[in-house]
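The block underneath contains the structure these notes are about, expressed in structure tokens.
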Amino acid sequence: MNLWRLIQKELFFRWRGSLAALVAVTLAAGTLLGTLNLLRLHETSAVNILAEKERETKVRGAALREELRKATLKLSFNLLILPEQIDLKDWYADQASEYDLPESYAQKLAESGVVTVRHFLPTIHRKLVWPEQGRTILLTGTRGEVANLFKNPRKPLVQPVPEGGIVLGHELHTSLGISPDDTVPLMGRDFAVHRLHEERGSKDDITVWISLKDAQELLGKEGRVSSILALECLCATGVERVREEIQKLLPGTQVLEMGSRVLARAETRIRAGKETKALLKEEAKQQAKLQAGRERLAAVLVPLIMVLCGGWIGLLSFTSARSRRDEIGMLRAVGFGTGRVLMIFIGKAVLIGFLGGLFGYVLGAALPAIFARGLEGLTSANLVAGWLLTNLLQAVLAAALLMVIAGWIPALLAARTDPAEALREK
Amino acid sequence: MLKFDNVTKTFNGPQGEIKALDAVSFTVEPGELVDIRGPSGCGKSTLLLTAGTLLQPTTGTVTIDGEDPYALSPNGRSALRASTIGFVFQQFHLVPYLSVIDNILLPSAVRKDARAHDRALELLNRFGLEHRGHHVPAQLSVGERQRTALARALFNQPKLLLADEPTGNLDPENGEIVLNTLKNFAAEGGAVLLVTHDTTDCATRTLQMLNGAL
Numbered sequence: 008m009n010l011w012r013l014i015q016k017e018l019f020f021r022w023r024g025s026l027a028a029l030v031a032v033t034l035a036a037g038t039l040l041g042t043l044n045l046l047r048l049h050e051t052s053a054v055n056i057l058a059e060k061e062r063e064t065k066v067r068g069a070a071l072r073e074e075l076r077k078a079t080l081k082l083s084f085n086l087l088i089l090p091e092q093i094d095l096k097d098w099y100a101d102q103a104s105e106y107d108l109p110e111s112y113a114q115k116l117a118e119s120g121v122v123t124v125r126h127f128l129p130t131i132h133r134k135l136v137w138p139e140q141g142r143t144i145l146l147t148g149t150r151g152e153v154a155n156l157f158k159n160p161r162k163p164l165v166q167p168v169p170e171g172g173i174v175l176g177h178e179l180h181t182s183l184g185i186s187p188d189d190t191v192p193l194m195g196r197d198f199a200v201h202r203l204h205e206e207r208g209s210k211d212d213i214t215v216w217i218s219l220k221d222a223q224e225l226l227g228k229e230g231r232v233s234s235i236l237a238l239e240c241l242c243a244t245g246v247e248r249v250r251e252e253i254q255k256l257l258p259g260t261q262v263l264e265m266g267s268r269v270l271a272r273a274e275t276r277i278r279a280g281k282e283t284k285a286l287l288k289e290e291a292k293q294q295a296k297l298q299a300g301r302e303r304l305a306a307v308l309v310p311l312i313m314v315l316c317g318g319w320i321g322l323l324s325f326t327s328a329r330s331r332r333d334e335i336g337m338l339r340a341v342g343f344g345t346g347r348v349l350m351i352f353i354g355k356a357v358l359i360g361f362l363g364g365l366f367g368y369v370l371g372a373a374l375p376a377i378f379a380r381g382l383e384g385l386t387s388a389n390l391v392a393g394w395l396l397t398n399l400l401q402a403v404l405a406a407a408l409l410m411v412i413a414g415w416i417p418a419l420l421a422a423r424t425d426p427a428e429a430l431r432e433k
Numbered sequence: 012m013l014k015f016d017n018v019t020k021t022f023n024g025p026q027g028e029i030k031a032l033d034a035v036s037f038t039v040e041p042g043e044l045v046d047i048r049g050p051s052g053c054g055k056s057t058l059l060l061t062a063g064t065l066l067q068p069t070t071g072t073v074t075i076d077g078e079d080p081y082a083l084s085p086n087g088r089s090a091l092r093a094s095t096i097g098f099v100f101q102q103f104h105l106v107p108y109l110s111v112i113d114n115i116l117l118p119s120a121v122r123k124d125a126r127a128h129d130r131a132l133e134l135l136n137r138f139g140l141e142h143r144g145h146h147v148p149a150q151l152s153v154g155e156r157q158r159t160a161l162a163r164a165l166f167n168q169p170k171l172l173l174a175d176e177p178t179g180n181l182d183p184e185n186g187e188i189v190l191n192t193l194k195n196f197a198a199e200g201g202a203v204l205l206v207t208h209d210t211t212d213c214a215t216r217t218l219q220m221l222n223g224a225l
């Protein structure tokens, strides 16, 4: 016979009382752990939501930058290198001229080490009447980009038109009834339709694009170009320097800067970035506020439940001690000291506490995972993160401690029961 | 073995001081079975509990085996009870959730004994309880309960056996078993203090008690 056996037997004998205490301590441990887990899950959800929003913002930002990068080309942004003889009034009116530059300038530029420019695009432009159709068109010959060897390779901004191919603006192909598989005659040569553009609402709608080589041949300008676009100079402070570098390198040229629109774009982009950051900050603030609210509620609810459960356990312990007075008297008569009697009560409390802690751990890990299943931003790994050995240990220790604290006074009263009085009562 | 020297025990009740023991002096020597007789409420149980080191006298001295138990610490008294004294009560005071054998083994929770189980089986056989070893008190007859209590009292081989109306609830047959056990215990050198309001002829000496005095 030993104390453990005595505790164990009594536990099952008075199973209703033991069960009631077990329920109380399970509830207390489950509530404590469950609340902590639920708070943690909400916090994880908030962190994940913010991270996801940041990621989305980054992706959207990158897409926007890419879009803007391409948009700058369509807006004729960047630096335009023209022959110095061109009268800009005519150029702005027609976007084409009779004057030209050596095509080799493009390669010279690319190899020059003009580091602030990422792309060079040599083109030839003419405003002319399409002989076969009797329509005024803007003819553009383009060869695609000349790679800048001194910069990191970048995705090409424009797709070159292959030799023998033709690209038509919207107004042209719709009014002339040209289809994608057609062959179109231009200045005595046949060109296969390479692409038909959607409506752009600009001069592009009456523009015909062919390869630079084809254009040079048609116009009798082999090795010559009308202009070279120096693309992607987004930094306003660097533009002047680039212009100087180019003019120094390519004599007989003039360089036009079309930066104001891109600056506005860049500012818009920066402003959009700032707004996104502010939104993210606001979201984080909102999440923090919600979390603080939940923590405040938990700070009231958890102690309240602990106190109620503690009171319940104390009452059960007190009732148990009262009903065991006769037994305590007998135990004292056979030689049990107050310490041993105390150990019987505390031992039982600790045992129920351990069991309650174990059940509370299960309850406290499973229920929040179920409740939080619908929460945004949680992964299944987050949901099972409550099943930790440290949580189990904490639950078991907390439950045992609660049982001991709540049962201490009744246990002490039982241990100090006057055995003579207890034995005489019966 | 047991000596009461001018022992008085008073209680404060609602109607003033009650003298439960009034200058009680007597001795119980080894081999003696002293029967203290008296009507209900005369102080017999108080005397027994005082002798059992469970109730400190107001005045006077109690000596057990040459030692004043009330001069010992509470733990010292518990140890003395475990080693020297056996109790038998009219109400048995069995632990309801322990089987017969576990009730008998109860004192071994205090005094470790490698032969505890053998001794418990021995006592089961001696009191005709071998078939009841794993039954709880609620499943026993009244006589079997008292025999279990007696077996528990004898488990630690005490020197002094204190019996408070042990036959009060028993039929004559079981009553005789109990009294014979007490007689044999005394015959084997133990000291027995029996308090009862019945007449019994097994005592070596009988003392009459009235209003707390012998």
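Chains as they are written, first to last, in my numbering: chain A, 8 to 433; chain B, 12 to 225. Glycine included, every Cβ here is placed at the ideal spot set by N, Cα and C.
Chain B contact residues for residue i, given Cβ-Cβ distances below 7 Å
{"i": "A:P426", "result": "L65"}
{"i": "A:L13", "result": "A120"}
{"i": "A:G37", "result": "Near A:G37 there are no residues of chain B at all, since even the closest Cβ is about 29 Å away, more than 7 Å."}
{"i": "A:K355", "result": "The contacting residues do not exist; A:K355 stays about 12 Å from chain B at best."}
Residues that residue i contacts on chain A, provided the C-beta gap is smaller than 8 Å
{"i": "B:P107", "result": "F20, E334"}
{"i": "B:L116", "result": "M8"}
{"i": "B:D113", "result": "M8, R12, K16"}
{"i": "B:L132", "result": "The contacting residues do not exist; B:L132 stays about 13 Å from chain A at best."}
{"i": "B:L181", "result": "Within chain A, no residue comes near B:L181; the closest Cβ sits about 16 Å away, beyond 8 Å."}
{"i": "B:R156", "result": "Here the premise fails: no neighbours, minimum Cβ distance about 13 Å."}
Neighbour list for residue i in chain A, Cβ cutoff strictly below 9 Å
{"i": "B:F98", "result": "M337, A340, V341, L430"}
{"i": "B:H104", "result": "D333, E334, G336, M337, A340, L430, K433"}
{"i": "B:A162", "result": "None at all; the shortest Cβ gap to chain A is about 12 Å."}
Contacts that residue i makes with chain A (C-beta to C-beta distance below 7 Å)
{"i": "B:S56", "result": "R431"}
{"i": "B:N86", "result": "G344"}
{"i": "B:A174", "result": "What B:A174 touches in chain A: nothing, since even the nearest Cβ is about 12 Å away."}
Where the alpha helix (DSSP H) containing residue i begins and where it ends
{"i": "A:H177", "result": "177-183"}
{"i": "B:V189", "result": "183-198"}
{"i": "A:K96", "result": "95-101"}
{"i": "A:I213", "result": "No alpha helix (DSSP H) holds A:I213; DSSP gives it neither H nor E."}
Contact set between residue i and chain B, taken where Cβ atoms lie within less than 8 Å
{"i": "A:M383", "result": "In the sequence as presented, Met is not what sits at residue 383 of chain A; that position holds Glu. Ordered by position in chain B, no residue passes the 8 Å Cβ test against A:E383, which lies about 53 Å from the chain."}
{"i": "A:E17", "result": "Y108"}
Cβ-based burial, residue i [other Cβ within 10 Å; buried from 16]
{"i": "A:K355", "result": "buried"}
{"i": "B:P148", "result": "buried"}
{"i": "A:F352", "result": "buried"}
{"i": "A:E139", "result": "exposed"}
{"i": "B:F22", "result": "exposed"}
{"i": "A:V191", "result": "buried"}
{"i": "A:I253", "result": "buried"}
{"i": "A:K255", "result": "exposed"}
{"i": "A:F84", "result": "Note on A:F84: pLDDT 46, under 50, position unreliable in the model; no value is reported."}
{"i": "A:W98", "result": "buried"}
{"i": "A:F19", "result": "exposed"}
7 Å Cβ shell around residue i - same chain, five flanking residues per side excluded
{"i": "B:P107", "result": "V147, P148, A149"}
{"i": "A:A103", "result": "H132, R133, K134, L145, S233"}
{"i": "B:L134", "result": "I115, A162, L165, F166"}
{"i": "B:T121", "result": "The amino acid occupying residue 121 of chain B in the given sequence is Val; Thr does not appear at that position. Result list for B:V121: A93, in chain order."}
{"i": "A:R383", "result": "Here the sequence assigns Glu to residue 383 of chain A, which means Arg is not the residue at that position. Cβ neighbours of A:E383 beyond the five flanking positions: S52, I56."}
{"i": "A:L183", "result": "Q140"}
Residues near residue i in its chain [Cβ-Cβ closer than 6 Å; skip 5 each side]
{"i": "A:D101", "result": "K134"}
{"i": "A:G37", "result": "G367, L370, G371"}
{"i": "B:P234", "result": "The question about residue 234 of chain B has no answer, for chain B in this structure spans 12 to 225."}
{"i": "A:A422", "result": "T345, V348, L349"}
{"i": "A:A31", "result": "C316, W319, I320"}
{"i": "A:A291", "result": "L57"}
For residue i, the first and last residue of its enclosing beta strand (DSSP E)
{"i": "B:S36", "result": "27-39"}
{"i": "A:R202", "result": "196-203"}
{"i": "B:D16", "result": "13-24"}
{"i": "B:G71", "result": "70-75"}
{"i": "A:W394", "result": "Careful: A:W394 lies outside any beta strand (DSSP E) and carries neither H nor E."}
{"i": "B:G97", "result": "96-100"}
Close-in-space but distant-in-sequence residues of the same chain around residue i (CB under 8 Å, 5 per side omitted)
{"i": "B:C53", "result": "M220, L221, N222, G223"}
* To do: Kindly confirm or deny that the segment 8-17 of chain A and the segment 368-384 of chain A touch, where touching means at least three C-beta pairs closer than 8 Å.
  => A contact between stretches requires three or more CB pairs, one per stretch, nearer than 8 Å, and the segment 8-17 of chain A fails this requirement with the segment 368-384 of chain A.
* Asked: Counting Cβ pairs, one atom from each stretch, are 3 or more of them under 8 Å apart for the segment 31-38 of chain B and the segment 48-62 of chain B?
  -> Here the segment 31-38 of chain B makes contact with the segment 48-62 of chain B; the two share three or more CB pairs at distances below 8 Å.
* To do: Report yes or no: do three or more beta-carbon pairs, one from the segment 379-388 of chain A and one from the segment 335-349 of chain A, lie closer than 8 Å?
  => The segment 335-349 of chain A and the segment 379-388 of chain A do not touch, with fewer than three beta-carbon pairs separated by less than 8 Å.
* Asked: Do three or more CB pairs link the segment 361-371 of chain A to the segment 394-408 of chain A at distances below 8 Å?
  -> Cβ pair count under 8 Å is three or more, so yes.
* For the segment 165-178 of chain A and the segment 209-217 of chain A, state whether three or more C-beta atom pairs, one from each stretch, are separated by less than 8 Å. => Segments in contact, yes.
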